[in-house]
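Chains as they are written, first to last, in this note's numbering: chain A, 2 to 299; chain G, 2 to 299; chain C, 2 to 299; chain X, 2 to 299. Reviewing the structure listed below.
Number of protein chains: 4
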Amino acid sequence: MNQTSWTGVFPAVTTQLHQDQTLDLAASAQHWQAQIDVGVSGLIVCGSLGENQCLQPDEKRAVVKHAVEVAAGRVPVVTGVAEMSTQAATSYMQDCEKLGASGFMIMPPMVYKSDPRETQHWFRSLANATPLSWMLYNNPVGYHTDVTPEMFIELADISNLHAIKESSSNTRRITELRNLTGDRYRIFTGVDDLFLESAILGIDGWVCGSGIAFPKENQQLWDLAKAGRWEECRTLYRWSQPLMKLDTHIHFVQYIKLLCQETGLGHEWVREPRLPLAGTEREQVLQIIREALAKRPA
Amino acid sequence: MNQTSWTGVFPAVTTQLHQDQTLDLAASAQHWQAQIDVGVSGLIVCGSLGENQCLQPDEKRAVVKHAVEVAAGRVPVVTGVAEMSTQAATSYMQDCEKLGASGFMIMPPMVYKSDPRETQHWFRSLANATPLSWMLYNNPVGYHTDVTPEMFIELADISNLHAIKESSSNTRRITELRNLTGDRYRIFTGVDDLFLESAILGIDGWVCGSGIAFPKENQQLWDLAKAGRWEECRTLYRWSQPLMKLDTHIHFVQYIKLLCQETGLGHEWVREPRLPLAGTEREQVLQIIREALAKRPA
Amino acid sequence: MNQTSWTGVFPAVTTQLHQDQTLDLAASAQHWQAQIDVGVSGLIVCGSLGENQCLQPDEKRAVVKHAVEVAAGRVPVVTGVAEMSTQAATSYMQDCEKLGASGFMIMPPMVYKSDPRETQHWFRSLANATPLSWMLYNNPVGYHTDVTPEMFIELADISNLHAIKESSSNTRRITELRNLTGDRYRIFTGVDDLFLESAILGIDGWVCGSGIAFPKENQQLWDLAKAGRWEECRTLYRWSQPLMKLDTHIHFVQYIKLLCQETGLGHEWVREPRLPLAGTEREQVLQIIREALAKRPA
Amino acid sequence: MNQTSWTGVFPAVTTQLHQDQTLDLAASAQHWQAQIDVGVSGLIVCGSLGENQCLQPDEKRAVVKHAVEVAAGRVPVVTGVAEMSTQAATSYMQDCEKLGASGFMIMPPMVYKSDPRETQHWFRSLANATPLSWMLYNNPVGYHTDVTPEMFIELADISNLHAIKESSSNTRRITELRNLTGDRYRIFTGVDDLFLESAILGIDGWVCGSGIAFPKENQQLWDLAKAGRWEECRTLYRWSQPLMKLDTHIHFVQYIKLLCQETGLGHEWVREPRLPLAGTEREQVLQIIREALAKRPA
Numbered sequence: 002m003n004q005t006s007w008t009g010v011f012p013a014v015t016t017q018l019h020q021d022q023t024l025d026l027a028a029s030a031q032h033w034q035a036q037i038d039v040g041v042s043g044l045i046v047c048g049s050l051g052e053n054q055c056l057q058p059d060e061k062r063a064v065v066k067h068a069v070e071v072a073a074g075r076v077p078v079v080t081g082v083a084e085m086s087t088q089a090a091t092s093y094m095q096d097c098e099k100l101g102a103s104g105f106m107i108m109p110p111m112v113y114k115s116d117p118r119e120t121q122h123w124f125r126s127l128a129n130a131t132p133l134s135w136m137l138y139n140n141p142v143g144y145h146t147d148v149t150p151e152m153f154i155e156l157a158d159i160s161n162l163h164a165i166k167e168s169s170s171n172t173r174r175i176t177e178l179r180n181l182t183g184d185r186y187r188i189f190t191g192v193d194d195l196f197l198e199s200a201i202l203g204i205d206g207w208v209c210g211s212g213i214a215f216p217k218e219n220q221q222l223w224d225l226a227k228a229g230r231w232e233e234c235r236t237l238y239r240w241s242q243p244l245m246k247l248d249t250h251i252h253f254v255q256y257i258k259l260l261c262q263e264t265g266l267g268h269e270w271v272r273e274p275r276l277p278l279a280g281t282e283r284e285q286v287l288q289i290i291r292e293a294l295a296k297r298p299a
Numbered sequence: 002m003n004q005t006s007w008t009g010v011f012p013a014v015t016t017q018l019h020q021d022q023t024l025d026l027a028a029s030a031q032h033w034q035a036q037i038d039v040g041v042s043g044l045i046v047c048g049s050l051g052e053n054q055c056l057q058p059d060e061k062r063a064v065v066k067h068a069v070e071v072a073a074g075r076v077p078v079v080t081g082v083a084e085m086s087t088q089a090a091t092s093y094m095q096d097c098e099k100l101g102a103s104g105f106m107i108m109p110p111m112v113y114k115s116d117p118r119e120t121q122h123w124f125r126s127l128a129n130a131t132p133l134s135w136m137l138y139n140n141p142v143g144y145h146t147d148v149t150p151e152m153f154i155e156l157a158d159i160s161n162l163h164a165i166k167e168s169s170s171n172t173r174r175i176t177e178l179r180n181l182t183g184d185r186y187r188i189f190t191g192v193d194d195l196f197l198e199s200a201i202l203g204i205d206g207w208v209c210g211s212g213i214a215f216p217k218e219n220q221q222l223w224d225l226a227k228a229g230r231w232e233e234c235r236t237l238y239r240w241s242q243p244l245m246k247l248d249t250h251i252h253f254v255q256y257i258k259l260l261c262q263e264t265g266l267g268h269e270w271v272r273e274p275r276l277p278l279a280g281t282e283r284e285q286v287l288q289i290i291r292e293a294l295a296k297r298p299a
Numbered sequence: 002m003n004q005t006s007w008t009g010v011f012p013a014v015t016t017q018l019h020q021d022q023t024l025d026l027a028a029s030a031q032h033w034q035a036q037i038d039v040g041v042s043g044l045i046v047c048g049s050l051g052e053n054q055c056l057q058p059d060e061k062r063a064v065v066k067h068a069v070e071v072a073a074g075r076v077p078v079v080t081g082v083a084e085m086s087t088q089a090a091t092s093y094m095q096d097c098e099k100l101g102a103s104g105f106m107i108m109p110p111m112v113y114k115s116d117p118r119e120t121q122h123w124f125r126s127l128a129n130a131t132p133l134s135w136m137l138y139n140n141p142v143g144y145h146t147d148v149t150p151e152m153f154i155e156l157a158d159i160s161n162l163h164a165i166k167e168s169s170s171n172t173r174r175i176t177e178l179r180n181l182t183g184d185r186y187r188i189f190t191g192v193d194d195l196f197l198e199s200a201i202l203g204i205d206g207w208v209c210g211s212g213i214a215f216p217k218e219n220q221q222l223w224d225l226a227k228a229g230r231w232e233e234c235r236t237l238y239r240w241s242q243p244l245m246k247l248d249t250h251i252h253f254v255q256y257i258k259l260l261c262q263e264t265g266l267g268h269e270w271v272r273e274p275r276l277p278l279a280g281t282e283r284e285q286v287l288q289i290i291r292e293a294l295a296k297r298p299a
Numbered sequence: 002m003n004q005t006s007w008t009g010v011f012p013a014v015t016t017q018l019h020q021d022q023t024l025d026l027a028a029s030a031q032h033w034q035a036q037i038d039v040g041v042s043g044l045i046v047c048g049s050l051g052e053n054q055c056l057q058p059d060e061k062r063a064v065v066k067h068a069v070e071v072a073a074g075r076v077p078v079v080t081g082v083a084e085m086s087t088q089a090a091t092s093y094m095q096d097c098e099k100l101g102a103s104g105f106m107i108m109p110p111m112v113y114k115s116d117p118r119e120t121q122h123w124f125r126s127l128a129n130a131t132p133l134s135w136m137l138y139n140n141p142v143g144y145h146t147d148v149t150p151e152m153f154i155e156l157a158d159i160s161n162l163h164a165i166k167e168s169s170s171n172t173r174r175i176t177e178l179r180n181l182t183g184d185r186y187r188i189f190t191g192v193d194d195l196f197l198e199s200a201i202l203g204i205d206g207w208v209c210g211s212g213i214a215f216p217k218e219n220q221q222l223w224d225l226a227k228a229g230r231w232e233e234c235r236t237l238y239r240w241s242q243p244l245m246k247l248d249t250h251i252h253f254v255q256y257i258k259l260l261c262q263e264t265g266l267g268h269e270w271v272r273e274p275r276l277p278l279a280g281t282e283r284e285q286v287l288q289i290i291r292e293a294l295a296k297r298p299a
């Protein structure tokens, strides 16, 4: 597989757990397989949605190993890198290379809000850890560090920096990146409920969240946009919006795991410090989910 | 003219001033005429860009009177309503009705950050001031009061509330409004540099800012989107972006007036407390403008 | 009275209204008199708490005229200046000078978020409107324009700029101002529920809000702090805190007018776009008020 | 030593590093000893200032072990707990208990912004990990999770939850906590440049940052406040403010380490992703430091 041609839908998949919070690799495999079945172009494990930060070091590696086996070369397996220190990140990346991962989705340092100089140093240091391709995950809303379009000009000489996951929630960034960096980077959107807005601007891929629970429609959204069938795409997008919005809440992991449970693709169990939803909140989210699923297009 | 069918481009035009800050109605007329020449569908005077808040009560009325004369029935003349008290707003609206205005673009109370109950009361009170059609200008970023999609459901019984100027900078709102209120409202975007993102979602109109300085291309953007010629629209949109961004800065009035000066459609003079740009900032904005104009499509 | 020696408690008093929203000058006078009775050092009418922005131009002037008569030279009458344009502000100030006001509490331009150059120009322009003393009201939280300690160094040559009302809610500013400008300015705090924190840092005065409803205790807080009786001051401050907090909510006008009603010093009627409190919110605020009053020190 | 009586100054000390980023335990010991020499009441290692999040698991344990040896029972050694998962936190705490730590300063989960239910669950789970006393470090500005005074009422039954490090930068919280929870908790302030404001409100301790570089004056500030010598305290506080402010910047670790270097109590080396200061920023911080030190009281 040619690692320098990431494009299409790359779902950020969950790490399925048993109710006692231990890894459920079998259920995870089933969940991942459902994505591959509808034709996604890659799998991203151990992203935010994969609860990366709450897994133990050996668990993350077990997830990657298992995903490589399940994918079996059909799609690239990309893993999130979400560490607080350069050392922890580098060591994780090198282990994943040995386990057969195809590449990385690298986040800025966790917790520390690095300044632009430090941010660039961080990404350069990690880029050197392995020769594998990686996408830079820019999410200043969630992770408090921003990689601006101007900074992407400066980073352009990093040869294995292949793609950008643009999750700033500011779609202007896509046009700015195109105007400033042309086709240097594969641009993925990472914000489900801005998918159509992003697609019309010209993107290469989509790291989807909510759609892992309704992979067929999600893939359809992508295919319609790629085919320029914008009216149909808009209709489907309007249907999906209440579900897509589940991805942009602090509790997005709990919400999307519950959504997966409702569509038969997983369980709602999460790892602490997250707790499964309870009370009114769980009821309200279930109502949103069930209302949307009741109107699911044939 | 049928006031219940606002659609298309409604430029929010400037109030041209002499260097001594007095009204320059002749230059204003020339600026407004340039918009009508390219086929805009309405004129909005005394909006934020028209420096409403810094004009004296009699000056605002003079501007409306003059615009009605210039438009001469060719396009509706809509005036912004930006007052701090219910009394001032009501009295202004009634005067404008007598002056021949076609309708209003009503902002929430200035300064006071009304709660949802008060916000609804405000808009209902003002709706009763005249029978003219109006659009509700929602701009929580600029004016600190938010009218949510849920609130628009509640406001739906106001018969002369015809349109929404959605300027939250959150394009999700457009899909939410469509899902919740269908075609009840004419939805206008008010954010230039989110125009394409908004257009693909299905909108009825555009209250444009920057484009008043390059009205031909601005009208083209709208026409291409309406015709479903999205690729061409995107190309033109990418060109326009550095200019469109001038509309989403605190100094947007100064920036766009300077842009108008560069394209021969006005002067940079503004009313205090605004000051004309100076020093490095003026140089930088001029550079952005001149670089963009140098690449202006034939 | 020597205008260059403002110090002590300057209550920002309410403008009392009838239930039909018209001015109630008699009730206002009673409310103002109650402040003078306990020994305050000045009266501030037409501040934010005086609903300046929602009064008509002639009403504001009527309030000032009446306050000058009520004060009868016993304390200086200072009026807020809260206008959207330089012209409106200047004209208001000149009228108030003729009406016998002692000075002004000037806010930055309303609505427009001026940059530092424009902010300084605004204050210099208004300073020239009359020879009367004035205090600069700095409240970036409420009015979105910030006058930093560095800017106060630059403004120091304005001879009638006598005092600062520091309402940034950042008490560090007081120490910074002292370190940078020494005793050039009379420093007033304008944040009730940071009074003790501000007093220990060394201030000259207090523009109080909530305390206009319990003027005796409020004056006591000031007197205890001035006397260095910090332990007693802290005890009284802890008692007052639930009431002081009413001053730092968006609905502070409604809350404090309701509080005044409960202590017999006014009515809860407010001018639109504000509405009197209703429902649960009114009940909750009443409960806070009544619980605090039940524990009122003898 | 009685663990249930933490009071006084507890400096949050640095972890000294060699230029190659490896631990410098000897320099750390010297730095810690300087604190003990001036009479501090406790030592907090592996806090934010101790670069907890960027140390490897075994390094943190080495720091704690060494600090216990250096303290040698003279003052309690408290360690920060800053982990992304319950498992990592629990395991760290149990190891530290074995190493002889006296207690903990526990932060909310890193990265994940837990809701109030999850936040309480997190703190309860960690409280059960060992019988040692701990303080809850509340810093919503830095760590995005807030423990409100109301939540502290609910947490009051946790027997080894001994103290609160209040770092919300909102001093009102101290009065609210006193009004709502009386003397249930030892209240420490964690915000250097709000020390005097906090002290006047009645606090039990101070987790200081900047002051680790000038421990004598820092201890004096505390002693003067405790003695009610407020005027002298204010004078010293004004002197210290430019240095205290170094603690409330994103680069506070770099700034304070540089400050320590200037006063002979450490080195400026930091662990990646942090980088040592460079260029203009380093010059400006050095200038602030040197100007303040030049005026150091005799």
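For every residue, glycine included, the Cβ atom is placed at its ideal position computed from N, Cα and C.
**Request:** Assign tryptophan 223/G to one of three DSSP states: helix, strand, or coil.
**Result:** Look at tryptophan 223/G here: in three-state DSSP terms it is helix.
**Message:** Buried or exposed, going by whether 16 or more other CB atoms sit within 10 Å of the CB of asparagine 180/A?
**Reply:** Result: exposed.
**Item:** Which residues DSSP lists as bridging glutamate 167/C, in chain order
**Value:** Beta-bridge analysis with DSSP links glutamate 167/C to Asn139/C, Thr190/C.
**Prompt:** From lysine 296/A to arginine 239/A, what distance separates their C-alpha atoms?
**Reply:** Distance between the alpha carbons of lysine 296/A and arginine 239/A: 11 Å.
**Asked** Is glutamine 57/A close to chain X, meaning its C-beta is less than 8 Å from at least one C-beta of that chain?
**Response** Closer than 8 Å to some Cβ of chain X, the Cβ of glutamine 57/A qualifies, so yes.
**Message:** Give me the DSSP bridge partner(s) of leucine 162/A.
**Reply:** According to DSSP, which records beta bridges pairwise, leucine 162/A is partnered with Trp135/A.
**Asked** Within the chosen definition, does the region 105-124 of chain X reach the region 144-157 of chain X through at least 3 CB pairs nearer than 8 Å?
**Response** The way I'd put it, the region 105-124 of chain X does touch the region 144-157 of chain X; three or more beta-carbon pairs between them come closer than 8 Å.
**Item:** Buried versus exposed call for asparagine 53/G [16 or more other C-beta atoms within 10 Å across all chains shown]
**Value:** Buried, by the Cβ-count rule.
**Request:** Measuring only between beta-carbons, confirm whether proline 274/C sits less than 8 Å from chain G.
**Result:** Taking 8 Å as the threshold, the shortest C-beta distance from proline 274/C to chain G falls below it.
**Request:** Name, please, each residue of chain X whose Cβ falls closer than 7 Å to the Cβ of aspartate 194/C.
**Result:** Arg173, listed in chain order.
**Prompt:** Is isoleucine 175/A helix, strand or coil by DSSP?
**Reply:** Assigned with DSSP and collapsed to three states, isoleucine 175/A falls in helix.
**Asked** Going by the beta-carbon positions, is the gap between tryptophan 123/G and proline 274/C smaller than 8 Å?
**Response** For the 8 Å CB-CB criterion, tryptophan 123/G and proline 274/C form a contact.
**Item:** Straight-line Cα distance separating phenylalanine 189/C from threonine 8/C
**Value:** The straight-line gap from Cα to Cα measures roughly 8 Å.
**Prompt:** Which residue or residues does DSSP assign as beta-bridge partners of methionine 106/A?
**Reply:** According to DSSP, methionine 106/A bridges with Gly81/A, Met136/A.
**Prompt:** For the beta strand (DSSP E) that contains valine 46/C, what are its first and last residues?
**Reply:** Per DSSP, valine 46/C is one residue of the beta strand (DSSP E) stretching across 44-46.
**Request:** Could you tell me the distance, in whole angstroms, from the CA atom of valine 39/X to the CA atom of alanine 128/X?
**Result:** If I take the Cα positions, the gap works out to 32 Å.
**Message:** Can you look up valine 228/X in the DSSP assignment and give me helix, strand or coil?
**Reply:** One detail in the question is off: residue 228/X reads as alanine in this sequence, not valine. For alanine 228/X, the secondary structure class from DSSP, reduced to helix, strand or coil, is coil.
**Message:** Any beta carbon of chain A sitting closer than 8 Å to that of leucine 197/G?
**Reply:** Interface residue, yes.
**Message:** Assuming contact is defined by CB atoms lying nearer than 8 Å, are isoleucine 213/C and cysteine 261/C in contact in what I supplied?
**Reply:** Judged by their CB atoms, isoleucine 213/C and cysteine 261/C are nearer to each other than the 8 Å cut-off.
**Asked** What do you get for arginine 291/G, buried or exposed, if any count of 16 or more other CB atoms within 10 angstroms of its CB means buried?
**Response** So arginine 291/G counts as exposed.
**Request:** Report the option in Leu222/G, Val254/G, Asn161/G, His250/G whose CA atom is closest to the CA atom of serine 241/G.
**Result:** Cα-wise, what sits closest to serine 241/G is Leu222/G.
**Prompt:** Is the Cβ of glutamine 242/A closer than 8 Å to any Cβ of chain G?
**Reply:** Interface flag for glutamine 242/A against chain G is set, since a Cβ pair is found closer than 8 Å.
**Message:** Spatial neighbours of glutamine 17/A within its chain, please: C-beta separation below 7 Å, excluding the five flanking residues on both sides.
**Reply:** The answer, listed in chain order, is Asp25, Ala28, Ser29, His32, Gly267, His268.
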